[in-house]
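**Q** Residues in the sequence shown are numbered consecutively from 957, following the working numbering.
Take a look at the following structure, please.
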Amino acid sequence: MSTEIKISEYSRAADQALTQTRAWETLAAYATQTPDLADALAAIDLTDLDGSLDGTAIELGLSEARKEFERNQALAEVETRRLATGVAPNGRCTCGHLGPVHARRVVDGRLPCGIAGCRCEDLTFGS
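As structure tokens, then:
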């Protein structure tokens, strides 16, 4: 490899590193000024992030986190209701569908059935 190519590649790598350094410095400055931002950054799992943490990635992460919250909140509600009524784990709603089918999301305190065409608006375990 020629010296000119090496210089070009090292210069390009240095420019990219400088851009990253400035981005981290900006983030560090804001995190220092805003403790809530530092806490939020510490709580975010970036393991699955592929690429930049840009506006699109932030919106995608927020959307996925909301879905995960809604699903787990609904599953917890299904199990709470099941426990309160003493129904077996494979207990069915009065609409005939299994409890977890209702566990897509809690809507105004209700667990509507997730089966297309079922008009059940809230999970009610049969006895």
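We put the beta carbon where it would ideally sit given N, CA and C, even for glycine.
Since the structure is predicted, the reported quantities are computational estimates derived from the model, not experimental observations.
(1) Just to confirm, are threonine 1036 and glycine 1082 a CB contact at a threshold of 7 Å?
(2) Quick check on glutamate 960: buried or exposed, where buried means 16 or more other Cβ atoms within 10 Å of its Cβ?
(3) Can you confirm whether the stretch 987-998 touches the stretch 1008-1025 when touching is taken to mean that 3 or more C-beta pairs between the two stretches lie within less than 8 Å?
(4) According to DSSP, is leucine 1054 part of a helix, a strand, or is it coil?
(5) By DSSP, does valine 1034 sit in helix, in strand, or in coil?
(6) Going by beta-carbon coordinates alone, are arginine 1060 and leucine 1054 separated by less than 7 Å?
(7) Can you tell me which of the three DSSP states arginine 1066 falls into?
(8) Where threonine 1012 and glycine 1042 are concerned, what is the direct C-alpha to C-alpha distance, given to the nearest angstrom?
(9) Which first and last residues belong to the alpha helix (DSSP H) in which arginine 978 is found?
(10) In chain order, what residues of the same chain lie with their CB nearer than 7 Å to the CB of leucine 1005, ignoring the 5 residues before and after it?
(11) Distance check for threonine 1080 and glutamate 1015, CA to CA, integer angstroms please.
(12) In whole angstroms, what separates the C-alpha of isoleucine 1000 from that of arginine 1038?
**A** On the basis of the supplied data:
(1) Between threonine 1036 and glycine 1082, the C-beta spacing is not below 7 Å.
(2) When all chains shown are included, glutamate 960 counts as exposed.
(3) Judged by Cβ distances under 8 Å, the stretch 1008-1025 makes no contact with the stretch 987-998, as fewer than three pairs qualify.
(4) It is a strand residue.
(5) DSSP places valine 1034 in helix when its eight states are reduced to three.
(6) No, Cβ-Cβ distance for arginine 1060 and leucine 1054 is not below 7 Å.
(7) Taken through DSSP and simplified to helix, strand or coil, arginine 1066 comes out as strand.
(8) Inter-residue distance for threonine 1012 and glycine 1042 is about 45 Å (C-alpha atoms, whole angstroms).
(9) Annotation for arginine 978: the continuous alpha helix (DSSP H) segment containing it runs 959-989.
(10) Same-chain partners within the cutoff: Ala1013.
(11) The alpha-carbon separation between glutamate 1015 and threonine 1080 amounts to approximately 35 Å.
(12) Isoleucine 1000 and arginine 1038 have their C-alpha atoms some 32 Å from each other.
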